[in-house]
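All you need for this note's numbering is the position in the sequence shown, starting with 1, plus 13. Every residue gets a Cβ at the ideal spot worked out from N, C-alpha and C, and that includes glycine. Please read the structure below before turning to the comments.
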Amino acid sequence: MSFSNKLFAFIFFTFLSLSVFCQQKQLDFNGDVTDVRVVRSVEQHPDASTLAIPHIAEWKPKHLVIAYEAGIPGKLDMADIISIVSTNDGDTWGNPVYIFNHREKYGMQQYAYANPILFKPPGQNILWCFAMRNPLSQPNSEESFLVGAYSGDGGRSWNQVELTMHYTGSLVLTGNIQRIVENGEPVYLLPAHRNSLDNGPVGGARVHFVLRSKSLLDWDVAGYVPNPEKVWVHEGHIALGKQDGELIMVMRTADNTNKALTPPRAWSTLSVDNGRNWSIPKEEPELYNSVSEAGFGRSSDGLFYYIYNDGPAWSRMALRYKVKSLDGQWSNERTFFDANIHNSYPSLIEISPNDFRAVWDSGSKEKGRQKICFGKFRILFGK
Numbered sequence: 014m015s016f017s018n019k020l021f022a023f024i025f026f027t028f029l030s031l032s033v034f035c036q037q038k039q040l041d042f043n044g045d046v047t048d049v050r051v052v053r054s055v056e057q058h059p060d061a062s063t064l065a066i067p068h069i070a071e072w073k074p075k076h077l078v079i080a081y082e083a084g085i086p087g088k089l090d091m092a093d094i095i096s097i098v099s100t101n102d103g104d105t106w107g108n109p110v111y112i113f114n115h116r117e118k119y120g121m122q123q124y125a126y127a128n129p130i131l132f133k134p135p136g137q138n139i140l141w142c143f144a145m146r147n148p149l150s151q152p153n154s155e156e157s158f159l160v161g162a163y164s165g166d167g168g169r170s171w172n173q174v175e176l177t178m179h180y181t182g183s184l185v186l187t188g189n190i191q192r193i194v195e196n197g198e199p200v201y202l203l204p205a206h207r208n209s210l211d212n213g214p215v216g217g218a219r220v221h222f223v224l225r226s227k228s229l230l231d232w233d234v235a236g237y238v239p240n241p242e243k244v245w246v247h248e249g250h251i252a253l254g255k256q257d258g259e260l261i262m263v264m265r266t267a268d269n270t271n272k273a274l275t276p277p278r279a280w281s282t283l284s285v286d287n288g289r290n291w292s293i294p295k296e297e298p299e300l301y302n303s304v305s306e307a308g309f310g311r312s313s314d315g316l317f318y319y320i321y322n323d324g325p326a327w328s329r330m331a332l333r334y335k336v337k338s339l340d341g342q343w344s345n346e347r348t349f350f351d352a353n354i355h356n357s358y359p360s361l362i363e364i365s366p367n368d369f370r371a372v373w374d375s376g377s378k379e380k381g382r383q384k385i386c387f388g389k390f391r392i393l394f395g396k
């Protein structure tokens, strides 16, 4: 980073630290999530247009890290990626630091970023952040490539690395990294999709796939998801299935014009060979989805959860959830968080059996993506 950029970052975050305690207030809401805090608000980032798409990880007990987007004015969905740390289980949060800064130059090129994914490999004292890197000259992030950074001090500072990519197309991220064990070795799976149609239909494509790595530095395609007719599946989340090698991925949906399906439902696909081959996607009749990313995963005690926005396409107000056991049916809908304001992109980390920490982006009744919210969550099943 150049001296001028370092000086800007120092002044910028020193200004923000003056109000570090003011933003961590509680909200009035309905729902099963507890201990809700506003971690950051857009007013604390005077050069940002939005705060969006947070992701959370646990460094060690009570030490939590959130990465989120600070949107670049004039860009649709391009941002800086910033991290913030709590050492008291989310009660208060420290000062933010850059993971990826669009003001930094790489030779003559500048980049913007989107959609951070945090991951701490079990047994390692390294925290990873993966994101999308896109030339700053682009109008949106649909022509992005994978970029990575790591932290050895629990998210307080970051070192960028150049990844070895055997997949050469553009990609979009939102799903968690899923760790599996194959032949006694850990393997990491990262869901992604390509959406190059938005920048022109000639030569563009929409396809969902899963990346695979043994090192988190060297990535290749594990397998592609077959394209269902007239349905665009994207922003998938992977969970372990019932048998060894079985993986389930639940995906956001839209039609080919990016409108909600009729009826608006999530679709899923299944792999029985650790992500190399995926079944033809099918509708999940019990899982509502109206062109909005949803959190899907499996708890350590075997419960699947699905956290989603209800309502019409693009409204993204209340967050609801459903739960099911390995051999059961999806539960009735429950409220995760509802404050009559915009909310989207929930991310969860399980810190002990059925004990989760959650983040999502929030806003006002009129406008979304104005703040980052944090809460604690325990699945209430069959109640």
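| query | Among residues of its own chain, excluding the 5 on either side of R219, which ones have a beta-carbon nearer than 6 Å to its beta-carbon? | reply | Excluding residues up to 5 positions away in sequence, N208, L210 and W245 lie with their Cβ nearer than 6 Å to the Cβ of R219 in the same chain.
| Could you give the C-beta distance for V51 and L40, rounded to a whole number, given that I count them as a contact under 8 Å? | Yes, V51 and L40 are in contact; Cβ-Cβ is about 7 Å, under 8 Å.
| message | From the DSSP secondary-structure annotation, give me the bridge partner or partners of K75. | response | Note: K75 sits in no beta bridge, so no partner.
| message | Using DSSP's beta-bridge definition, name the partner residues of I85. | response | BP columns for I85 are empty, so no partner.
| request: Out of N108, V238, M91 and W291, point me to the one whose CA is closest to S99's CA. | output: For S99, the nearest C-alpha among the options comes from N108.
| query | Does the Cβ-Cβ distance between M284 and V263 come in under 7 Å? | reply | The displayed chain sequence assigns Ser, not Met, to residue 284. Contact check for S284 against V263 fails: the beta carbons are separated by 7 Å or more.
| message | Does E117 come out as helix, strand or coil in the three-state DSSP assignment? | response | Note: E117 maps to coil in three-state DSSP.
| query | Is it the case that the Cβ atoms of L64 and I385 are separated by a distance below 7 Å? | reply | Yes; because the gap between Cβ atoms is below 7 Å, this pair is in contact.
| task | Assess, as a yes-or-no matter, whether the region 234-244 is touched by the region 303-317 under the definition of 3 or more beta carbon pairs within less than 8 Å. | result | Look at the beta carbons and you see the region 303-317 not touching the region 234-244: under three pairs across the two are nearer than 8 Å.
| Near F34, which residues of its chain fall below 6 Å by C-beta distance, leaving aside the five closest residues on each side in sequence? | Low confidence applies to F34: its pLDDT is 40, below 50, so where it sits in the model is not reliable, and the reading given next is rough at best. Non-local C-beta neighbours of F34 in its own chain, meaning closer than 6 Å and more than five positions away in sequence, are absent.
| field | Cut-off 8 Å between Cβ atoms - residues of its own chain near N101, not counting five sequence neighbours on either side | value | Excluding sequence positions up to five before and after N101, its CB lies within less than 8 Å of the CB of K75, all in the same chain and listed in chain order.
| field | Span of the beta strand (DSSP E) around Q123 | value | Residues Q122 to F132.
| request: On the DSSP bridge assignment, give the partners of K378 in chain order. | output: In DSSP, K378 forms no bridge with anything.
| query | Is it true that the CB of M91 sits closer than 7 Å to the CB of S183? | reply | Contact flag unset, no.
| field | Simplified DSSP state of S12, which is helix, strand or coil | value | Absent from the model: residue 12. The displayed extent of the chain is 14 to 396, so no value can be given.
| task | Go through its chain and collect everything with a Cβ distance to K380's Cβ below 7 Å, but skip five positions before and after it. | result | Beyond the five residues adjoining it in sequence on each side, K380 comes within less than 7 Å, by CB distance, of H355 in the same chain, given in chain order.
| What residues in its chain sit with their C-beta under 7 Å from that of S338, if we drop five residues either side in the sequence? | Answer for S338: G315 and L316, listed in chain order.
| request: Go ahead and pull the three-state DSSP assignment for Q57. | output: In the three-state reduction of the DSSP assignment, Q57 falls in the helix class.
| query | Thinking just about the alpha-carbon of each residue, which of N172, A371 and W106 is nearest to the one in G161? | reply | Of the listed residues, the one whose Cα sits closest to G161 is N172.
| query | On the premise that S328 lies in contact with P366, defined as a C-beta separation below 8 Å, what is that separation, rounded to the nearest angstrom? | reply | In fact, because the Cβ distance is near 34 Å, the residues do not count as touching under 8 Å.
| message | If the criterion is Cβ atoms closer than 7 Å, does the pair A279 and E297 meet it? | response | Using a Cβ distance threshold of 7 Å, A279 and E297 count as a contacting pair.
| query | Hey, I79 and P67: beta-carbon distance below 7 Å or not? | reply | In this structure, I79 places its C-beta atom within 7 Å of the C-beta atom of P67.
| When you compare only the Cα positions, how much space is there between Y180 and V223? | Cα-Cα distance, rounded: 10 Å.
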